[in-house]
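Participant: Just passing along the structure, written as structure tokens.
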Amino acid sequence: MEKYQTLINAIENAKGKDHKWTSPEIFEFLDKKDLALDDDDIDEFFSELRSQGVLDSNYDDYSEIDLEVPAFDEDDLQEIMSKSKR
Numbered sequence: 001m002e003k004y005q006t007l008i009n010a011i012e013n014a015k016g017k018d019h020k021w022t023s024p025e026i027f028e029f030l031d032k033k034d035l036a037l038d039d040d041d042i043d044e045f046f047s048e049l050r051s052q053g054v055l056d057s058n059y060d061d062y063s064e065i066d067l068e069v070p071a072f073d074e075d076d077l078q079e080i081m082s083k084s085k086r
């Protein structure tokens, strides 16, 4: 899709056209450039990266990136709430 071509060219030029990028590398690149895409754009963008062969085919699914978020149970929540009232 033409809308992302300038960004894709910049990504390819950053490490050379032969480099196959991983999803975390793409997000790091976007972060360093202070670029953000909404969810719909991210899906389109990664689809375009795949179609142009920019992503490493062994590691190209950004949805599998494990972001560890602590789970809170009711006791944890009560403890946090009581501390915030102090």
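So that you can map any letter, position 22 of the sequence shown is 22 in the UniProt record's numbering, and since no number is skipped, the others follow by simple counting. Cβ coordinates follow ideal geometry from the N, Cα and C atoms, glycine included. Values in this document were obtained by computation on a predicted structure and should not be read as measured data.
(1) Does DSSP put L55 in a helix, in a strand, or in coil?
(2) Please report the distance separating the alpha-carbon of E48 from that of K3.
(3) Could you tell me if I80 is buried or exposed, where buried requires 16 or more neighbouring beta carbons within 10 angstroms of its beta carbon?
(4) Using a threshold of 8 Å, state whether the C-beta atoms of Q52 and I8 are closer than that.
Facilitator: Taking the structure as given:
(1) strand
(2) 10 Å
(3) exposed
(4) yes
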